[in-house]
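Here's the structure, in structure tokens; my notes come after.
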Amino acid sequence: MGTYLIYALEVQCNGLLVQVLLNGVAVFEEAAAGFRFTQLKLNPWIVDGPNQLEVLTGPPPGQELGKDAELKLLVIKGPHGQEPGPDADVVSFTWNEADAPLESDQIVRVLDSPVPVDEGHGRWAWQDASPYAQGDEGDMAALVQQAGQVLASRDSAGYLALLALKTEEMSRALNVPAAELQKDISDVLRERFAADDWQVEPVDPAALRYAPTAGGRLVRITDDLGRPPLRGMGGGQAFETSMTVSHLAQGWTVVR
């Protein structure tokens, strides 16, 4: 078996709306034009075959472009557990207003670049999902409510069952045994569930928001404030979990 490679995205931006897509999947978004410095792993979104990175940006709505506006991006490749070498940068981009002028109240594509990838991790379930369509909101809300009820009733096994596909795919993406990922989740839940103050905020279907990506084959679910849809408290500590779903043969399913 060859060396396992991690692909990571590094973004620094300020004063700009920014969206970064890998294979049509929104992997990074800055919707408030604030300062952000973010690093995240791309392996869960890398596909077998060609991989394409797109960057869209624009000034804050109704505002002039500030002199401190900036956008820098790197895709870094390196062996797992090791410092990246001198050839780690496989994509490097710095936005320059002279080369890519922006217009008020418009988001424009400033980069459309292939990402050289040495290895994939097999086909993901979301690649074959049915696209999101108007009218699917009820079924997605029911899935969020089911997950909330499972958490509220301190049902670790039920929650792990809802995450089974996500766990299997993240195991492949991150080269970590699925059993290890399950144990990590179980350990967190055991600690929170044991707390006398454990509670889960009720899920209000009317407050849920759905953000399709990858041609509607993935849908990120949030509340109306952009927060993760499942939030709770236990042992004096906040608990929240994000949820990205796909419409598979068995119905709407948690995939990330």
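Residue 154 in the working numbering sits at position 154 of the sequence shown; the count goes up by one each step and never skips. Glycine is no exception: its CB is placed at the ideal position from the N, C-alpha and C atoms.
In the DSSP assignment, tyrosine 159 falls within the alpha helix (DSSP H) that extends over 156-162.
Cβ-Cβ distances below 6 Å link tyrosine 4 to His80, Asn175 in the same chain, with the five nearest sequence neighbours on each side left out; the list follows chain order. With at least 16 other beta carbons inside 10 angstroms of its own, asparagine 43 counts as buried. Counting C-beta pairs with one atom in each stretch, the region 14-21 and the region 62-69 have three or more that are closer than 8 Å, which means they touch.
Phenylalanine 28 counts as buried, since no fewer than 16 other beta carbons sit within 10 angstroms of its beta carbon. In this structure valine 20 is in contact with leucine 9, their Cβ atoms being roughly 7 Å apart against a cut-off of 8 Å. When the beta-carbon positions are compared, leucine 22 and leucine 53 come within less than 8 Å of each other.
In this structure, DSSP gives lysine 72 an extended state, which the three-state scheme calls strand. Look at the region 179-246 and you find these whole runs of beta strand (DSSP E), each 3 residues long or longer: 208-213, 218-223, 230-234, 237-241.
Within its own chain, the residues whose Cβ lies closer than 7 Å to the Cβ of leucine 151, once the five positions on either side in sequence are excluded, are Tyr159, Val200, Leu230, Gly232, listed in chain order. Pairing isoleucine 221 with proline 86, the inter-Cα distance amounts to about 38 Å. In the DSSP annotation of this structure, the continuous segment of the beta strand (DSSP E) that includes glutamine 39 starts and ends at 36-41. Within the same chain, Cβ atoms closer than 8 Å to the Cβ of leucine 208 are found at Glu137, Met140, Ala141, Val144, Ile221, Thr222, Asp223, Asp224, Pro229, the five residues on either side in sequence being excluded. Taking 8 Å as the upper bound for CB-CB distance, glycine 235 and arginine 172 are not in contact here, some 32 Å apart.
DSSP places aspartate 136 outside any alpha helix (DSSP H), giving it a letter other than H or E. Cβ contact annotation for leucine 218 (same chain, cutoff 8 Å, sequence separation greater than five): Val25, Trp126, Ala129, Pro212, Thr244, Val245, Ser246, Val255, Arg256, in chain order.
If you ignore the 5 residues before and after aspartate 118, its C-beta comes within less than 8 Å of the C-beta of Leu5, Lys77, all in its own chain and listed in chain order.
In this structure, DSSP gives valine 110 an extended state, which the three-state scheme calls strand.
With 16 or more neighbouring CB atoms inside 10 Å of its own CB, proline 59 falls in the buried class.
DSSP places tryptophan 252 within a strand segment (E or B) once states are collapsed to three. CA-CA distance, aspartate 112 to proline 177, rounds to 34 Å. In the DSSP secondary-structure assignment, proline 79 is bridged to Leu5.
No Cβ-Cβ contact shorter than 8 Å links leucine 189 with serine 153. For a cut-off of 8 Å, the C-beta gap from glycine 216 to tyrosine 132 is around 4 Å, short enough to register as a contact.
Of the residues Pro101, Pro50, Gln12, the one whose Cα lies closest to the Cα of threonine 38 is Gln12. As a beta-bridge residue in DSSP terms, asparagine 14 pairs with Glu70. Just so you know, the alpha carbons of alanine 195 and threonine 167 end up roughly 25 Å apart. 8 Å or more divides the Cβ of aspartate 48 from the Cβ of arginine 109.
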